[in-house]
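2 protein chains.
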Amino acid sequence: MSKQKKSALQEKKGVSISEITNSSSIESIKDKRKAKISTDNLVESILKKDITALSRAITLVESKNKKHKAQANAVLKACLPHANNSIRIGITGVPGVGKSTFIEALGKHLTTIRKRVAVLAIDPSSNITKGSILGDKTRMEDLVKDENAFIRPSASGDSLGGVARKTRETIILCEAAGFDIIIIETVGVGQSETTVHSMVDFFLLLKLAGAGDELQGIKRGIIEMADAIAINKADGDNLKKAKLAKVEFNRALHLYPEKSSQWQPKVTLCSALKNEGIDSIWNSILEYVETTSKNNFFNEKRSEQNKFWLIQTIEDQLKSDFFNTPKIKKELANQIQLLKDNQTTPFAAADYLLNLNN
Amino acid sequence: MSKQKKSALQEKKGVSISEITNSSSIESIKDKRKAKISTDNLVESILKKDITALSRAITLVESKNKKHKAQANAVLKACLPHANNSIRIGITGVPGVGKSTFIEALGKHLTTIRKRVAVLAIDPSSNITKGSILGDKTRMEDLVKDENAFIRPSASGDSLGGVARKTRETIILCEAAGFDIIIIETVGVGQSETTVHSMVDFFLLLKLAGAGDELQGIKRGIIEMADAIAINKADGDNLKKAKLAKVEFNRALHLYPEKSSQWQPKVTLCSALKNEGIDSIWNSILEYVETTSKNNFFNEKRSEQNKFWLIQTIEDQLKSDFFNTPKIKKELANQIQLLKDNQTTPFAAADYLLNLNN
């Protein structure tokens, strides 16, 4: 039986036990004791790099059940002092760019040099499409079998914010479980690239030669976020075009002022399929970590990201609390109608709604 | 005595009278009656196109005094049924592009064809620099003297949101005072272009030939917002370069999918200094209004803008209410320290702060 399958089974078993204990309110004291032991055990196992325990904890983080959430928070709190020691890498690129092949090649390169790699995904569309690229694990056949790699498909959630929170918390769990490298893949739907960028240390943009879409990347602000651009499929007949693309993307990168990281983003060529250029991308990442650790940007960025997520979470909650109040929902519709009929201004309507809730 | 000066004097007189009546609480009933009469008078005068009354009303809108605000709201409510009949034009461009000269040329063109023109500005930096371009009215010498033109410098405010609200309300007052065209200038600091774009019907981007910054415009999302690009100073030796720039900007515009307005943004050449090409830009604007009135985009856009400002105002207020609570201010600092010390997650910290306020 593969490790992954075993993990899934044990996870299922765990959930049913907790469901049984939760069902009886008389046993609540016993229940609490059990949950406590279970949390401690879980944390202990995670710190021992137990993948089954890690999977269970992630399932708790992803759960909508209140008790699961409370336990998830306890696990996270206990894991925190053991987190933060990885390099977090975001990877984006349009469908067809060869993301899965690239992540598999990079992942294998890393496990070969004795690193432990976790691969997560941010895919807010996974609710609809029922499966991101990572959902289809068979596309990373070798990496899935590698005992030093852990692959987890995108959490599903009602909102990008929800998915983002779950992924951020999963990063902490993976780090506590001793993963050295966390790769977070995004399919680039909507704001998902910005979201991934705000939770990683290094942001890698995968491109194809001759796609002629460097202006699209500028337009959408992706080039600006990239710490490196890798032109994939730079092999065979494609090599010449890839070299031209390299020049173009280098020019595009020079549109931007020097980053506060003092890092000059690099354009490299690679062929994930032929396993070429992967090592030089990894060396780039190491160079980035060295540069930004020296000037302390690495820690400052993480600190800023934490603050960003703190503020963002509060703001999202404030909005959702306000606009989901039944009274506000009803009156908002009325005020929008009054706006249409030119009988109120947006500001008068806003004041009215805000006063309703006080 | 010039009309502007007279207006300023009467305005001053008005404010002092209201200050006197407000100072005595015993006379509050008398005071209320006076205020009521004054509001009715003010509205009546505004509808009679009285510039002095318009200026006074704008001063009320800009005031931080609670009584002034209440009166401003009453005036706005009474003006609303008479508003909405103008064409609102946003104009942006970097310093040196000749914005003042262009607005003066366009303004004079419009008053010549018997239109009444109001020129407002969004300049969130006006607090710091103590004066936007429009603050220095001497740069629009001819238009200032024109009795069919009304120029009002940017409101000052603590935030772009504050300035934006005041400008939005000023638009209503100007429309009630019978202005056919409202021009809103922005200096393009921070988010001010997006703000202006969200309150106008037509967004015009002024450019210079040979500045080589079309990619900057794409990068900052300005090209995407433009309904027209006018390349200014297209005269003399500059003409050849301007024609080349026209080709480039046309290419840049084709990066974007067709707008829901079904309007294809145009690039034109002009020389505000020599008064060349201004009429064709005006014709473009008229063509835009015709197209978008036919397909109802014109009204739908205004409706969407109203909704946007309603939601935006509520969200801003919710955030400001929350983060300005003394308890939250203090505990936010503590939580940020805990985040730095790796003793909490952004989400646990957010939950803690949100619960504090419940």
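Respectively, the protein sequence lines represent chains A and B.
Sequential numbering of the first sequence, starting at 1, is according to our numbering.
Sequential numbering of the second sequence, starting at 1001, is according to our numbering.
Heads up, the beta-carbon is just placed ideally off N, CA and C, and yes, glycines get one too.
Being a predicted model, the structure only gives us computed values, none of them experimental.
* Asked: Rounded to a whole number of angstroms, what is the C-alpha to C-alpha distance between residue 1190/B and residue 1306/B?
  -> 22 Å
* Answer yes if the region 294–311 of chain A comes into contact with the region 332–345 of chain A, meaning at least three C-beta pairs across the two stretches below 8 Å, and no otherwise. => no
* Is residue 1222/B close to chain A, meaning its C-beta is less than 9 Å from at least one C-beta of that chain? -> no
* Over the uninterrupted alpha helix (DSSP H) stretch that includes residue 113/A, give me the two end residues. => Careful: residue 113/A lies outside any alpha helix (DSSP H) and carries neither H nor E.
* What residues from chain A crowd round residue 1348/B, counting only those whose CB sits closer than 8 Å? -> Under the 8 Å cutoff, chain A gives 73, 76 and 77.
* Asked: If you count every other CB in all the chains shown that lies within 10 Å of the CB of residue 7/A, and 16 or more means buried, which is it?
  -> Because residue 7/A carries a pLDDT of 41, less than 50, the predicted location of this residue cannot be relied on, and the following value inherits that uncertainty. Around the beta carbon of residue 7/A, 16 or more other beta carbons lie within 10 angstroms, which makes this residue buried.
* **Nonlocal neighbours in the same chain, by C-beta distance under 6 Å from residue 1211/B, ignoring five residues either side** => none
* Asked: Say the cut is 8 Å; is the CB of residue 276/A nearer than that to a heavy atom of the ligand NAD?
  -> Although the ligand NAD was asked about, the structure shown includes no ligands whatsoever.
* Determine, using beta carbons only, whether residue 1344/B comes closer than 9 Å to chain A. => yes
* Could you round the C-beta distance between residue 1265/B and residue 1273/B to whole angstroms and report it? I think they count as a contact, below 8 Å. => Residue 1265/B to residue 1273/B, Cβ: 24 Å. No contact.
* To do: Please look up how many angstroms separate the CB atoms of residue 1199/B and residue 1152/B, rounded, as I've assumed it's under 8 Å.
  => Rounded, the Cβ-Cβ distance is 15 Å, inconsistent with contact.
* Asked: Exposed or buried, residue 1353/B, counting other C-beta atoms within 10 Å across all chains shown (16 or more means buried)?
  -> buried
* With 9 Å set as the bound, which would you pick, yes or no: does the beta-carbon of residue 944/B sit closer than that to a beta-carbon of chain A? -> Because chain B here runs from 1001 to 1358, residue 944/B falls outside it and cannot be looked at.
* To do: Helix, strand or coil for residue 1067/B, going by three-state DSSP, please let me know.
  => helix
* Given a threshold of 16 other Cβ atoms within 10 Å of its Cβ, counted over all protein chains shown, does residue 1133/B qualify as buried or as exposed? -> Reliability fails at residue 1133/B, whose pLDDT of 48 lies under 50, so the model's placement of it is uncertain and the value that follows must be treated cautiously. Under this definition residue 1133/B is a buried residue.
* Per-residue burial, residue 1066/B [other beta carbons within 10 Å of its own, 16 or more giving buried] -> exposed
* To do: Spatial neighbours of residue 1075/B within its chain, please: CB distance less than 7 Å, with the 5 preceding and 5 following residues excluded, ordered by chain position.
  => Take residue 1075/B, set aside five residues on each side of it, and the residues of its chain with a beta-carbon closer than 7 Å to its own are 1039, 1042, 1043, 1057 and 1060, in chain order.
* Local Cβ density within 10 Å of residue 286/A, reported as buried at 16 or more and exposed below that -> Its Cβ having fewer than 16 others within 10 Å, residue 286/A is exposed.
* To do: Identify, in the order they occur along the chain, each residue of the same chain with its Cβ nearer than 7 Å to the Cβ of residue 195/A, setting aside the five sequence neighbours on each side.
  => 122, 160 and 164
* To do: Spell out a yes or no on whether the region 1202–1210 of chain B and the region 1220–1234 of chain B are touching, meaning 3 or more CB-CB pairs, one atom from each, closer than 8 Å.
  => Three or more beta-carbon pairs drawn from the region 1202–1210 of chain B and the region 1220–1234 of chain B are found closer than 8 Å, and the two stretches are therefore classed as touching.
* Asked: Leaving out five residues before and five after residue 279/A in sequence, what residues of the same chain have Cβ atoms less than 8 Å from its Cβ?
  -> 109
* **With 16 other Cβ atoms within 10 Å as the buried cut-off, status of residue 188/A** => Looking at its Cβ environment, which holds 16 or more other Cβ atoms inside 10 Å, residue 188/A is buried.
* **Below-9 Å beta-carbon distance, residue 1231/B vs any chain C residue** => In the structure shown, chain C cannot be found, because the protein chains are A and B.
* Just reading off the beta strand (DSSP E) that residue 88/A is part of, what are its end residues? -> 87–92
* **chain B contacts from the region 307–328 of chain A (Cβ-Cβ distance under 7 Å)** => 307, 309, 310, 313, 314, 315, 317, 318, 319 and 322
* To do: Return the residue from the list 1325/B, 1338/B, 1315/B and 1292/B that minimises the CA-CA distance to residue 346/A.
  => 1315/B
* **Buried versus exposed call for residue 142/A [16 or more other C-beta atoms within 10 Å across all chains shown]** => exposed
* Asked: Relative to chain A, which residues along the region 1032–1062 of chain B have a C-beta separation below 9 Å, given in chain order?
  -> none
* Asked: Name the DSSP bridge partner or partners of residue 1232/B?
  -> 1208/B
* Asked: How would you list, in chain order, the residues of chain A whose beta-carbon sits under 9 Å from the beta-carbon of residue 1219/B?
  -> 218, 219, 221, 223, 224, 255 and 256
* For the putative contact between residue 225/A and residue 185/A, defined by C-beta atoms under 8 Å, what is the C-beta separation to the nearest angstrom? -> 15 Å between Cβ atoms; not a contact.
* Asked: In chain order, which alpha helix (DSSP H) runs of at least 4 residues are fully inside the region 211–289 of chain A?
  -> You should have 214–219, 222–225 and 239–253.
* Between residue 1124/B and chain A, is there a C-beta pair that is closer than 9 Å? -> no
* Which same chain residues, not among the five before or five after residue 24/A, have their C-beta less than 6 Å away from its C-beta? -> Confidence in residue 24/A is poor, its pLDDT being 46 and thus under 50, which makes the residue's placement unreliable; the coordinate value appears in the next sentence. None.
* Asked: Is residue 1256/B closer than 9 Å to residue 219/A when the C-beta atoms are compared?
  -> For residue 219/A and residue 1256/B, yes; Cβs fall inside 9 Å.
* Asked: Whose C-beta lies closer than 7 Å to the C-beta of residue 46/A among residues of the same chain, with five residues either side of it excluded?
  -> 53, 54, 57, 79, 173, 176 and 177, listed in sequence order.
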